[in-house]
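Have a look at the structure below before the remarks.
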Amino acid sequence: MVGVGQQTSAAAFAGAEDLNAPGLIAASGILFMEGEGEPVELQRLKREVGLLADDVEQTGAWLAGAMEQAWEIAGGLAAYPALVDLLGERHRIIANDWQSAGLQTLVARLLRRALDLLARIDFAPAALRVDLGGERTAPAHLYSASELLDRAADLMTESAMLVHDNERRWRIFRARVRELQSM
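For the sequence shown, my numbering gives the first residue as 178, with consecutive numbering after it.
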């Protein structure tokens, strides 16, 4: 058994046994190597989280703009008596999508803050050993980042649920519009 802080091999490119828990490499795909810096797998994960933050921010901004326009259009539908009974449904769709847009914008912020926290950690094995033998700030930063990532995942689920709530409402509204167009 190897304790934290015990380098077991002087050879470069050997796995850092004290930082690679047995079985965890297969589950996480992250391998700490002696004599190396941050594992490339962590670099890739951070890059992918950054790209996801960009994507959800852009989607949120686009969706908020689209809902601004949809809101204005929906207000004019009151002039059509055959649609008045469905205006609540149409506005609920817009409200759900607008709320989803806001959640996606918040998700982007949470993801970026998690990346900010991860950037404060030096993931090189030697630096982790010094931290784990001293102040132990790396685990605290990592835990906080994971909480932010968890909340971002929860909010993405809420966003998806809002959009899903629209499916039946949208089918009903669209069916009425098509019916009126065919008259």
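By construction, the Cβ of each residue, glycine as well, lies at the ideal position given by its N, Cα and C atoms.
Take the Cβ of residue 250 as the centre, count every other Cβ of all protein chains shown within 10 Å, and call the residue buried at 16 or more, exposed below.
-> exposed
Contact between the segment 230-245 and the segment 279-290 (3+ Cβ pairs under 8 Å) | yes
State the Cα-Cα distance for the pair residue 264 and residue 255, rounded to the nearest angstrom.
-> 7 Å
Spatial neighbours of residue 289 in its chain, beta-carbon cut-off 7 Å, leaving aside the 5 residues before and after | The answer, listed in chain order, is 230.
In three-state terms, what does DSSP make of residue 257?
-> Coil, per DSSP.
Check whether the segment 319-326 touches the segment 342-357, counting contact only when three or more Cβ pairs, one atom from each stretch, lie closer than 8 Å.
-> no
Do you know offhand how far residue 294's Cα is from residue 227's?
-> 13 Å
Could you work out which residue in 218, 261, 262, 271 is closest to residue 242 when comparing CA atoms only?
-> 271
Option nearest residue 296 by Cα separation, candidates 360, 223, 217 = 223
Determine the DSSP secondary structure at residue 301, reduced to helix, strand or coil.
-> Here residue 301 sits in coil by DSSP.
Answer yes or no: do residue 328 and residue 287 have a C-beta to C-beta separation smaller than 7 Å?
-> yes
Residue 348 to residue 237, Cα distance in whole Å?
-> 23 Å
With residue 339 and residue 276 assumed to form a contact (beta carbons below 8 Å), what rounded beta-carbon distance in angstroms separates them?
-> Confirmed, about 6 Å.
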